[in-house]
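See below for the structure under consideration.
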Amino acid sequence: KGSQVNDEFRIKDEKVVTSTNNNGGINGGISNGMPIIIKSVVKPTASIAKKQQTVDINEFKETTIKIKSRHDPCIASRISVVIDSVVALTILDEICLREGYLWMR
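Quick note: the sequence shown uses the numbering used here, first residue 4, plus one each step.
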């Protein structure tokens, strides 16, 4: 149920806070003042050196394939930096839309 993860608003130390942070600090695309938490999942690289099921589209039949070398890079070790950078740029963009760009001089 959605009600089980609803972040209810409370007053704590003269500030409006939520009793939980299930929404990761964002409600309806707007920060609610709680810490912004982003959870992400990275799809594994498809070209692995292990026998896998596939389809030969020329013959239109099921077959197996074993890739001998990697052809696509694995971003898993770098993804947190990429996500942090995209989030920072998005927040900066929103600040600039609200406050303008002159303060960055």
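All residues carry an ideal CB built from backbone N, CA and C; glycine is no exception.
- One Cα belongs to E65, the other to S50, and the distance between them is close to 18 Å.
- Distances from the alpha-carbon of Q56 to those of K69, K46 and V45 put K69 closest.
- Annotation for T93: the continuous alpha helix (DSSP H) segment containing it runs I82 to E102.
- In this structure, DSSP gives S6 a helical state, which the three-state scheme calls helix.
- If you draw a straight line from the Cα of N9 to the Cα of N61, it is about 51 Å long.
- Rounded to whole angstroms, S22 and K53 show a C-alpha spacing of 47 Å.
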